[in-house]
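Participant: Protein chains in written order, with this note's numbering: chain A, 410 to 696; chain B, 410 to 696; chain C, 410 to 696.
Have a look at this one.
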Amino acid sequence: MSGNQAVDINPPNAQISINTNGSDWMWAAFALFMLSDLGMIAWMYMRHSAQRVLHVVPIIALSIMSVAYFSMAADLGSTPIVAEFYGNHHQVYAGDPATRAIWYARYIGWVLTMPLLVLEVLFTAAMSPTEVASTMFFQVVAFVSFLVGALVTSTYKWGYFVFAVASLVYVIVTLLGPGRNAAGLISDSVRSIFTRNVSVLAFLLFLYPIAWGLADGGNVITSDGEMVFYGVLDILLYICFLYGFVYQLRATDVCCFGFGPKTHKLITEKPVPAAAPAVAPAPEQIV
Amino acid sequence: MSGNQAVDINPPNAQISINTNGSDWMWAAFALFMLSDLGMIAWMYMRHSAQRVLHVVPIIALSIMSVAYFSMAADLGSTPIVAEFYGNHHQVYAGDPATRAIWYARYIGWVLTMPLLVLEVLFTAAMSPTEVASTMFFQVVAFVSFLVGALVTSTYKWGYFVFAVASLVYVIVTLLGPGRNAAGLISDSVRSIFTRNVSVLAFLLFLYPIAWGLADGGNVITSDGEMVFYGVLDILLYICFLYGFVYQLRATDVCCFGFGPKTHKLITEKPVPAAAPAVAPAPEQIV
Amino acid sequence: MSGNQAVDINPPNAQISINTNGSDWMWAAFALFMLSDLGMIAWMYMRHSAQRVLHVVPIIALSIMSVAYFSMAADLGSTPIVAEFYGNHHQVYAGDPATRAIWYARYIGWVLTMPLLVLEVLFTAAMSPTEVASTMFFQVVAFVSFLVGALVTSTYKWGYFVFAVASLVYVIVTLLGPGRNAAGLISDSVRSIFTRNVSVLAFLLFLYPIAWGLADGGNVITSDGEMVFYGVLDILLYICFLYGFVYQLRATDVCCFGFGPKTHKLITEKPVPAAAPAVAPAPEQIV
């Protein structure tokens, strides 16, 4: 009666679902997210208060992913959906019209945090708020479409898959095109950091549709395998990528992104109108 | 086995629901939304980059409505709810305690895009962000209330109808009162465009409660009729209205709305600190 | 057949749920929220248009809470969830594996309005938008976690309880630490108002986990008792606290919070370019 009892206490209600191995892995991933979250909070407080802005978004994202992984490790947050495909290359052990667990908790976490990744990256680009918001929005559309597609039992699920991939393409194109130009408006070093990181981000994001096609869409890999595939992607994206991104920007003053605290603005703004009348009459008086 | 098989593959689970005619019409409407979306994207890229801001919100709205119409055309996204009314003037063919399909996919699309219409219109008015956000919020409250009212089976649904109409009235009053004044602060021509378009918007918005009362609320018209009624309203609002609005503003510089890209700001801001030191040493030269 | 028939028309589907007394109390609370909402709207229009900003957020919050209380008074918006605990100190009248009504309508109202309370309070502090958004976000995380915990039947619900309390602690610490400092940047009187009100807010917020533990979590008090406990807290927080907060700031010019309407900005900005030519003719004086 010791060890991980999540699968016993909250039994799965789908025929194709995780077993204790999958739950063990998810507890490990949950611990990683939780520790990264606490580490990011500690790191934030070690920095000067004016430089903390870039740490806030990763903290939010890691907190939400921690809750999502806690839910999945506890074998909560899935719903049984009849799988579309059966046969030699698919999960057949459960009989023909079998249900597969669709982990909507995972999608809720993504819908809330994926746009935050885009926001974090675009903090370093001089784009207008409307463009930033629209890019975040299409990231939301992408993962909502993945969720709806996963919940649909018939072949129409691939229609949502197409919407999701098209939205992802829109996000990546915006980041690598106008986003990169806007990062170059700040400085050349920021542009090179931006380009390097967005390339990694784009590569990782395009692995998600592949995982989806093998797991929720095509019913090819087991639920435990799905947990490993998505879990490794999430750890690479939310922990390695975000820590690396913040680390590479550790020496960059966030004021160049327009994030100076309001107190700084008050100090720098006041001299400007004061200087204008003070300087303007100077030559005339001398003349 | 050819033609539109959506109703066969995803059979409706309510007794009063759409048949293939309704699904055909929804596929046509989906195609219209999709083409308008692509057309708006193409139009955006044909314009100067500084003028693209007004195109972003219509693109988001049309993308979401495309996904919603795809769902409804595929006969997905409805849930059976026992209708309140039966009898001579209502849908009687299904027997007395019959269920009617409530298309929640439609409401999800509205909840996400209706506030964007308000946002697009208020881009042209010099209102504070708090006022813009509150107007968008009441638009959300209106359509969430319509959704909850549609899902309630008892006569209490009309309580939510009252909340929804009251919220719509708040939105319209805000647009036509403070909104119109704020548009006048920008220029007289913007105010006349604003007044003309908001009048059309208000007229179309007030047809939605009528459609709701006949379809989801009163169970008077068929599900196919409901699809036509709502669909025509959506096409008028999301395609005709938005295209017309953006077209009327094609000659207006968006910088007058405060949307100048950050590059312009950087150019105009830099000379100010640069001028200060350049002028300061002037006395020295004189000395 | 007169009087409050909500419990008859919309019968509860859980074994432990409210009866007519609870519904009566909720109608009274609904009336209080509705009247406070209308009173706040009336108060807003009695003030100068530049001072209305602080009234907008309370109006939104009170409108949403009115709809939520209407739902609960009509005995709608609950779902039956098997309670975790039974026995001497818990609700036993319904037999052993009994279901308790979880009022998700209440949580939807909180998720939408609790961050608005934080926003209203932080209007008076000179914090960066990123910090304000992150504080609001953790308030959302707190009440979403309470909701998920209430919907989970097994002992894992207390995991979500821990997440919720940790998020609440983050919000309170941020308000009383950086928030109080940021309020002090505006003026000393604003800081003292901020400190006084945030202390009240923190005290009330920490009563919510206690109520949750007794009602949704521990199944100790009846559903009617739950309605009274939460209802009194909501009335204190959304009506007494918000009215008091706005009242204490009635004499403070909102322009010092950065909320001057754009018209004022235009008026105050124009003199600056106007001053330049005003100084230019200075040579005339010299001449």
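A virtual CB, placed ideally from N, CA and C, is assigned to each residue, including glycine.
Please determine, among C:L444, C:M449 and C:Y652, the residue with the shortest C-alpha to C-alpha distance to N606 (chain C).
Facilitator: The residue with the shortest Cα to Cα distance from N606 (chain C) is C:Y652.
Participant: Three-state secondary structure (DSSP) at R461 (chain C)?
Facilitator: Correct three-state label for R461 (chain C): coil.
Participant: Determine whether the beta carbon atoms of L485 (chain B) and N419 (chain B) lie at a separation below 7 Å.
Facilitator: Contact flag set, yes.
Participant: Is DSSP giving A510 (chain B) helix, strand or coil here?
Facilitator: A510 (chain B) falls in the strand class under three-state DSSP.
Participant: Hey, out of A:I648, A:F666, A:C664 and A:G667, whose CA is closest to L526 (chain A)'s CA?
Facilitator: For L526 (chain A), the nearest C-alpha among the options comes from A:I648.
Participant: Looking only at its own chain, which residues have a Cβ that is under 6 Å from the Cβ of G558 (chain C), when we skip the five neighbours before and after it?
Facilitator: For G558 (chain C), where only same-chain residues beyond five positions count, the Cβ hits under 6 Å are K566, Y569 and F570.
Participant: If we ignore side chains and look at the alpha-carbon of each, how far apart do S458 (chain A) and E540 (chain C) end up?
Facilitator: Answer to the nearest angstrom: the Cα atoms are 11 Å apart.
Participant: Any chance the stretch 412 to 426 of chain A sits against the stretch 504 to 515 of chain A, with 3 or more Cβ pairs inside 8 Å?
Facilitator: Because the criterion of three Cβ pairs below 8 Å is met, the stretch 412 to 426 of chain A and the stretch 504 to 515 of chain A touch.
Participant: Give the residues from the stretch 414 to 440 of chain C that approach chain B closer than 7 Å (Cβ to any Cβ), ordered along the chain.
Facilitator: Correct list: I418 and N419.
Participant: Hey, how far is the Cα of A591 (chain B) from the Cα of V462 (chain C)?
Facilitator: Straight-line Cα distance between these residues: approximately 15 Å.
Participant: Mind checking P421 (chain A): buried by the 16 CB within 10 Å criterion, or exposed?
Facilitator: Result: buried.
Participant: Locate the alpha helix (DSSP H) running through V571 (chain B), then write down its first and last residues.
Facilitator: Where V571 (chain B) is concerned, the enclosing alpha helix (DSSP H) stretches over K566 to T583.
Participant: Using a cut-off of 7 Å between C-beta atoms, extract the partners of F479 (chain C) located in chain E.
Facilitator: Checking the listed chains, one finds no chain E in this structure; the protein chains it contains are A, B and C.
Participant: Helix, strand or coil for V501 (chain B), going by three-state DSSP, please let me know.
Facilitator: Three-state DSSP puts V501 (chain B) in coil, outside helix and strand.
Participant: Just how far apart, CA to CA, sit D701 (chain B) and Y502 (chain A)?
Facilitator: For residue 701 (chain B) there is no data in the structure shown, the boundaries of chain B being 410 and 696.
Participant: Please confirm whether I469 (chain A) has its beta-carbon closer than 7 Å to some beta-carbon of chain C.
Facilitator: Yes, because at least one Cβ of chain C sits closer than 7 Å to the Cβ of I469 (chain A).
Participant: Roughly how many angstroms separate the alpha carbons of P524 (chain B) and H499 (chain A), rounded to a whole number?
Facilitator: Approximately 43 Å, taken between the alpha carbons.
Participant: Using a Cβ-Cβ distance cut-off of 7 Å, determine whether V462 (chain A) contacts chain C.
Facilitator: Closer than 7 Å to some Cβ of chain C, the Cβ of V462 (chain A) qualifies, so yes.
Participant: Rounding to the nearest angstrom, what Cα-Cα distance links T672 (chain A) and A534 (chain C) in this structure?
Facilitator: The predicted position of T672 (chain A) is uncertain, since its pLDDT is 44 and thus under 50; no value can be drawn from it.
Participant: Work out the CA separation of T604 (chain A) and D643 (chain B) for me, nearest whole Å.
Facilitator: If you take the alpha carbons of D643 (chain B) and T604 (chain A), they lie about 40 Å apart.
Participant: Just verifying my parser: in three-state terms, what is the DSSP assignment at P467 (chain C)?
Facilitator: Helix at P467 (chain C).
Participant: Alpha carbon to alpha carbon, how far is G593 (chain C) from G586 (chain C)? Give it in angstroms, no decimals.
Facilitator: If you take the alpha carbons of G586 (chain C) and G593 (chain C), they lie about 11 Å apart.
Participant: Compare the C-beta of Y565 (chain B) against all C-beta atoms of chain C and say whether one is closer than 7 Å.
Facilitator: Chain C, which has a Cβ nearer than 7 Å to the Cβ of Y565 (chain B), makes this yes.
Participant: If I'm right that S665 (chain B) touches S596 (chain B) with Cβ under 8 Å, what's the distance once you round it to whole angstroms?
Facilitator: Per the sequence shown, the amino acid found at residue 665 (chain B) is Cys instead of Ser. Right, their Cβ atoms sit about 7 Å apart.
Participant: Quick check on T522 (chain C): does DSSP put it in helix, strand or coil?
Facilitator: Helix, per DSSP.
Participant: State yes or no: is the beta carbon of S543 (chain C) nearer than 7 Å to at least one beta carbon in chain A?
Facilitator: By this cut-off, S543 (chain C) is an interface position.
Participant: Assuming T661 (chain C) contacts V599 (chain C) under a Cβ cut-off of 8 Å, what Cβ separation, rounded to an integer in Å, is found between them?
Facilitator: T661 (chain C) to V599 (chain C), Cβ: 7 Å. Contact.
Participant: With L387 (chain C) and I490 (chain C) assumed to form a contact (beta carbons below 8 Å), what rounded beta-carbon distance in angstroms separates them?
Facilitator: Since the first and last residues shown for chain C are 410 and 696, residue 387 (chain C) lies out of range.
Participant: Applying the criterion that 16 or more other CB atoms from any shown protein chain within 10 Å of the CB defines a buried residue, is Y656 (chain C) buried or exposed?
Facilitator: Y656 (chain C) is exposed by the Cβ-count criterion.
Participant: Any C-beta of chain C sitting closer than 7 Å to the C-beta of F546 (chain B)?
Facilitator: Judged by the 7 Å Cβ criterion, F546 (chain B) is in contact with chain C.
Participant: For W427 (chain A), does the three-state DSSP call read helix, strand or coil?
Facilitator: The sequence given here places Ile at residue 427 (chain A); Trp does not occur at that position. Of the three classes helix, strand and coil, the one that applies to I427 (chain A) here is coil, per DSSP.
Participant: Let me know the beta strand (DSSP E) ranges lying completely inside the stretch 632 to 664 of chain C, each 3 residues or longer, listed in chain order.
Facilitator: Correct list: empty.
Participant: Who are the near neighbours of E529 (chain C) in its chain, counting only those whose CB is closer than 6 Å to its CB and skipping five residues on each side?
Facilitator: Closer than 6 Å at Cβ, skipping near neighbours: V466.
Participant: Excluding the 5 residues flanking W700 (chain A) on each side, which residues of the same chain have their C-beta closer than 6 Å to its C-beta?
Facilitator: Outside the shown range of chain A, which is 410 to 696, sits residue 700 (chain A), and nothing can be said about it.
Participant: First and last residue of the alpha helix (DSSP H) that includes I602 (chain A)?
Facilitator: From DSSP, the alpha helix (DSSP H) with I602 (chain A) extends over D597 to W621.
Participant: Could you check whether the Cβ of T539 (chain B) sits closer than 7 Å to any Cβ belonging to chain C?
Facilitator: True, the Cβ-Cβ gap to chain C drops below 7 Å.
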